[in-house]
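Read the structure below first, then the notes.
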Amino acid sequence: MTSWISEIYYFFVEDGLLCKYYELTSVKRRNLRQCQVVVPLSLWKQFLQEYHDSRLSGHIATGRTFLRLQDKYYWPTMLRDVKEYCTSCASCALGRRVHNVKAYLSPLDLATRPFKVLG
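Numbering-wise (the UniProt record's numbering), the sequence shown opens with residue 1 and increments by one.
Put into structure tokens, the structure is as follows:
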């Protein structure tokens, strides 16, 4: 049995929207079933922009962006799309820290006469 056939029982239509039941795996929210709205392919990019780039979102990291989206929405490749979108975000790249960058020290040239280094 393919994976999509085993998941078909989680999908349903409510108020004209295709939805999916989602079992929360959080320790705090144990045994809670939640409804996610299935997002069409044409709207994925718009949802990613809204949940990552908007002023209210503040360019939050991949994990937090994914959790905020997953709380209400579903599409099959959501985690991969969120990772790609967040890693390609120019604003996030500017703020991302670079770890373990080591620069070599070079000795200073000593001046043998006045103003040799300047001119």
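Note that the Cβ used here is the ideal one computed from N, Cα and C, for glycine as well.
Since the structure is predicted, the reported quantities are computational estimates derived from the model, not experimental observations.
- Unbroken alpha helix (DSSP H) stretches of 4 residues or longer found wholly inside the segment 57 to 91: 62 to 70, 78 to 87, given in chain order.
- Residue pairing for E14: DSSP places it in a beta bridge opposite L17.
- DSSP places Y51 within a helical segment (H, G or I) once states are collapsed to three.
- Taking 8 angstroms as the cut-off, the beta carbon of Q36 is found closer than this to the beta carbon of Y74.
- A straight line joining the alpha-carbon of R33 with that of Y104 spans about 56 angstroms.
- Going by DSSP, V38 is part of the beta strand (DSSP E) stretching over 33 to 38.
- Y22 sits in a strand when the DSSP states are folded into three classes.
- In the displayed model, K102 falls within coil according to three-state DSSP, outside both helix and strand.
- When rounded, the separation of the alpha-carbon atoms in F12 and S88 is 34 angstroms.
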